[in-house]
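Chemist:
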Amino acid sequence: MKVSIDKEACIGCGVCVSIAPDVFEMDDDGKAKVIKEEGFDESTVQSAIDQCPTQAIKSE
1076 MKVSIDKEAC
1086 IGCGVCVSIA
1096 PDVFEMDDDG
1106 KAKVIKEEGF
1116 DESTVQSAID
1126 QCPTQAIKSE
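Position in the sequence shown (from 1) plus 1075 gives the number in the numbering used here.
1. Exposed or buried, Ile1086, counting other C-beta atoms within 10 Å across all chains shown (16 or more means buried)?
2. State the CB to CB distance for the pair Gln1126 and Ile1080, rounded to an integer number of angstroms; the pair is presumed to be in contact (CB under 8 Å).
3. Once DSSP output is grouped into helix, strand and coil, what is the label at Ile1110?
4. Which partner residues of Ser1079 appear in the DSSP bridge assignment?
5. Would you kindly work out how many angstroms separate the C-alpha atoms of Ile1144 and Lys1077, rounded to a whole number?
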């Protein structure tokens, strides 16, 4: 699984960071960014994807 953030859709709520802080962090622009592109727990990242209110987290 590879994840990315749609910066246009992201509202900077921080849900992804609270669920998977080893994969996501908030950028200087107040939006989430991916900091770990591989080697993460896919079920945790899937939980972040499912709970993102704007569906800004994309997975491949």
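No residue lacks a Cβ here, since even glycine has one placed at the ideal position from N, Cα and C.
Every value quoted in this text rests on a predicted model; they were computed, and no experiment measured them.
Modeler: Judging by the given coordinates:
1. exposed
2. That belief does not hold up - the Cβ atoms of Gln1126 and Ile1080 are roughly 14 Å apart, past 8 Å.
3. Coil, per DSSP.
4. Lys1133
5. Nothing in the structure corresponds to residue 1144, since the chain is present only between 1076 and 1135.
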